[in-house]
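To convert, count from 1 in the sequence shown and add 1396; that's the working numbering.
Glycine included, each C-beta is placed from N, C-alpha and C at the ideal position.
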Amino acid sequence: MSDNSADRLDREEKTGLPQLKGGRRRAWVPGIASLLCLVIGLSDVIAIFKPAWHARLHNVNAFVPGTLTNVTRSADVIIGLMLVLLAHGLRRRKRRAWQAVLALLVFDIVIHFLHFPRDPRPYSAVVAIVLLAVLLFFHEDFYALGDPRTRGWNAWRVFGILAVADLAIGLGYLAMGPLDGSYSFPERVQDVVYELVGVYGPVQWASDARGDLYHLLTSALGLFTLVVTVYLFLRPAQPRARLGAADATRIRELLARQGDRDSLGYFALRNDKNVIWSPSGKSCVCYRVVSGVMLASGDPIGDPEAWPGAIAEFLTVAARHAWRPAVMGCSELGAEVWCREGDLTALELGDEAIVNVAEFSLSGRSMRNVRQMVNRVAKAGYVAEIRRVGDIPRAELDRVIKVTDSWRGSSTERGFSMALGRIGGPGDGDCVLMTATENGVLRAILHFAPWGADGLSLDLMRRDRTAQPGLNDFMITEAIKAAPGLGVKRISLNFAMFRAALERGERIGAGPVLRAWRGLLVFASRWFQIESLYKFNAKFCPIWEPRFFVYPGTRDTPRIAMAALEAEAFLVWPKLEVKRYARRLARALGLGRLRARAAARRESPRVTPG
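Right under this line is the structure:
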C-alpha cells in the first residue's frame, strides 16, 4: 500500500468520511444529480395527466395487458413523487437518498421498457439512464449520514395508522354498494389493498359512476399515505431536547471557571441544544440543527486553548452529515478562532450593549429622557424588587410564570443565541428575577442569566400591555442600582443588530450606499426589532461590543440566514401535524379504545387460584 493510500485510510478512520481523490469534493455533482432527479420525477408525475398516452397502450395487448397498464401507470406516479422528494436529499449528499434513487431509477427504466415501443416519453428513460450512470460513477460524493429522527419508527407508526384508516374507509365505501355480485370479506379486503396501490381488484360495481369515484378515492388515499410516510423518512432534523443532565453539569463546571469570558455562555444550557466536547474535555460547542444547518451560538465554552479541538469535532460532525456549519453572535476572539480553524468567513452582525455598573448615572443631559421616564413611572406607584431565583419560593415563582405567560401574544418563544427559554429551571438558582408591581399587582419582569461571578446578561423582558409606558426603562435602571448588592459589576443588555450601519448611516456625510443600507434596515424594522432595540439600548450609554456571524461562504448565506431566522423564531413555518391528525382518526375508528383495553389487560394483576 502506498503512502497516499495509507494517509487516505487514516483520514477516513479519523473523520468517518470518504476522502476523494485530489482532496476536494465536487460541489457540482450533488446539484446536477438533484436537478436531473427532479426532472425525471416531475416528468413521471405529469404523465398521469395525459390519458391519451396510456390509452394507446391498451391497443398493444401483446406487450402491455390492461392490468399491467394500471400497474405501470400507478408506478409512474409513485416513482415520480418519490424522486421529487428524494431530490433534496441528493443535493445534501445523503447516502440513503442516493441508495433509494438508484433503486427507483432501475425500476423507472424497467417501466419505460414495459411501455416500449409506444413510450411517449423516451427522453425520460434516457435521462434516467444517464443519471444512474452518474450516481454510480460519483458514488463517493454521497457520503452523508441520515439526520437525527430521519431513522426510527415514527414513520412506520404513522404509515400503519394511515394504512388501517385507508382500509377502513375503503371497506366502508364497499359496504354502501351497489356491487355487481356478492363478495366475501377477504375478497373485499383484497380489493381495497389492490386499489390503494392503483390496481383493479376482484370487486365489480353495478354503477360505473360509483366505481369511478371508488377508484379515485382509494388511489388518492394510497398516494397520501405514501407521500406522508416518505416525508417523515426524509424530513431534516428537528430541534429536540438532548442536553442531558451529565453534560449540563459539565458545562456548568466550565462556566464556573471560564464563564466570565462570554456573556452568552450561560445560554448554552438551553434544553434544545446538543453539545460536542473537545478531546481533552476542557471545551465544548453547543449547537442546534435547523433545516440542514448546524448552528452554534456564542463562543465555545471553556479554556480558549482547547477551543480548536472542540471546533474540529464540530466541523467533523457537520461534514459527516453534510450540514452547513455556522455560528451566531460570537465575539471577535471567537470569530478569529473559528475562521482560522474552519476556513470560514466572518461578518459583523451587530453590537452587544454592556453597562458598567460603577460608571452608570442618571445625571447629565444625555440621560434626560431616561431620567424623566423613570421619575414618571415611580410617581405612578410602581415598585421594583430584584432577587436571585434560588431565593424565591417555588409557589411564588410559579405564579409569576403563569401571569407572565398570559401577557404573551402567541405561544412561539423567540430566542436561541441570547435567550435561555425558561424561568426557574433546575440549576438556575443563580439567575436573577426582577419584578415590577403596581399596588401589589404584577406588571412586568426582567430575567437575567449569570455572566461569570460578577456579571448578568439580560435574558427576558415581559410586561403587561396596559402598564405605564417607560416601565422597561424604570426596571433596567433599578436593576443597575441594585446590582452592587448582588455583587454584580457589569450587565449585558439587548443585542443591537447592524448598529454600526444605523449609527453611521444617519451621520452627516454618509455615502449613498450606507444611507440606502440604513433605509433598508429601517424599513425592515416594521417587522423586526432592529432600529427600536438599537435606540432603546443607546439610551443607557453602554459600551458596544461587536458580535460576529461565521459561515462557510457567500453561496450558503441565504440558506444559513433562513435557518438563523427559524432558530430565533422570527420565521415560523406552518407545521403538518400528521401524528395529531392520525391519532384523531384512530380515536374516531375506535382504535384508541382497543389499545387502552389491551394495555389494561397487560397491567391487570393475575390472581392464582388457591
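Close beta carbons around residue i, own chain, < 6 Å, minus the five adjacent residues each side
i	result
Tyr1662	Ala1845 and Pro1846
Pro1704	Glu1737
Close beta carbons around residue i, own chain, < 8 Å, minus the five adjacent residues each side
i	result
Phe1891	Gly1725, Gly1746, Asp1747, Glu1748, Ala1749, Met1814, Leu1929 and Arg1943
Leu1609	none
Gly1851	Asp1656, Ser1659, Val1884, Lys1885, Arg1886, Ile1887 and Ser1888
Arg1491	Phe1538, Tyr1539, Ala1540, Leu1541 and Gly1542
Asn1835	Gly1777
Ile1475	Gly1437, Asp1440, Leu1500, Phe1503, Asp1504 and Ile1507
Straight-line Cα distance separating residue j from residue i
i	j	result
Arg1553	Met1690	28 Å
Ala1664	Gly1698	12 Å
Glu1737	Ile1841	41 Å
Gln1654	Ile1672	17 Å
Phe1924	Ala1706	33 Å
Val1435	Ala1715	28 Å
Arg1911	Asp1537	45 Å
Leu1481	Asp1658	42 Å
Val1626	Thr1645	39 Å
Ala1499	Tyr1569	35 Å
Arg1859	Met1769	16 Å
Pro1938	Val1751	5 Å
Glu1649	Arg1895	34 Å
Phe1919	Trp1913	10 Å
Pro1700	Ser1679	8 Å
Val1588	Val1624	19 Å
Pro1829	Ala1774	Here residue 1829 turns out to be Leu, not Pro, going by the sequence shown. Computed Cα separation, rounded: 19 Å.
Glu1964	Trp1734	22 Å
Asp1794	Arg1767	33 Å
Cys1827	His1843	7 Å
Leu1532	Gly1949	29 Å
Asn1455	Gly1597	With a pLDDT of only 43 at Asn1455, under 50, the local geometry of the prediction cannot be trusted, and the value read off the model is given with reservation. If I take the Cα positions, the gap works out to 21 Å.
Leu1917	Glu1941	20 Å
Pro1880	Gly1825	18 Å
Ala1641	Thr1833	35 Å
Met1893	Ile1926	6 Å
Contact set for residue i: own chain, Cβ-Cβ below 7 Å, skip 5 residues either direction
i	result
Arg1487	Pro1426, Gly1427 and Ser1430
Arg1489	Pro1426, Asp1537, Phe1538, Tyr1539, Ala1540 and Ala1718
Ala1731	Ala1742, Phe1944 and Val1946
Ala1906	Arg1900
Phe1555	Thr1621 and Thr1625
Gly1577	Gln1600
Status (buried if at least 16 other CB within 10 Å, exposed otherwise) for residue i
i	result
Leu1612	exposed
Val1599	buried
Trp1424	exposed
Leu1854	buried
Asp1787	exposed
Pro1721	buried
Gly1462	Note on Gly1462: pLDDT 36, under 50, position unreliable in the model; no value is reported.
Ala1670	A small fix is needed here, since residue 1670 is Asn in this sequence, not Ala. Its Cβ being crowded by 16 or more others within 10 Å, Asn1670 is buried.
Phe1620	exposed
Glu1874	buried
Ser1727	buried
Asn1765	exposed
Asp1399	Caution is warranted here: a pLDDT of 40 is assigned to Asp1399, below 50, making its placement in the model unreliable, and the coordinate value is therefore given only provisionally. Looking at its Cβ environment, which holds fewer than 16 other Cβ atoms inside 10 Å, Asp1399 is exposed.
Phe1581	exposed
Asn1771	exposed
Val1686	buried
Ala1524	buried
Paired residues, beta bridge with residue i - DSSP
i	result
Trp1601	Leu1575
Ile1672	Val1681
Phe1945	Met1724 and Leu1743
Tyr1778	Glu1834
His1843	Leu1829 and Leu1856
Val1751	Ile1887
Arg1783	Leu1829
Trp1940	Ala1749
Ala1692	Tyr1683 and Val1723
Ala1960	Ala1960 pairs with nothing; no bridge assigned.
Ala1892	Asp1747
Phe1490	Sequence check: residue 1490 is Lys here, not Phe. Answer is Ala1540.
Gly1698	Ser1679
Cβ separation of residue i and residue j, assumed to be a contact under 8 Å, to the nearest whole Å
i	j	result
Asp1656	Gly1848	3 Å
Arg1839	Leu1867	6 Å
Ser1615	Glu1591	7 Å
Phe1534	Arg1684	Phe1534 to Arg1684, Cβ: 31 Å. No contact.
Thr1862	Glu1781	20 Å between Cβ atoms; not a contact.
Ala1602	Leu1575	6 Å
Contact test: residue i Cβ vs the ligand SAM heavy atom, cutoff 7 Å
i	result
Gly1677	For the ligand SAM, the structure offers nothing, since it holds no ligand at all.
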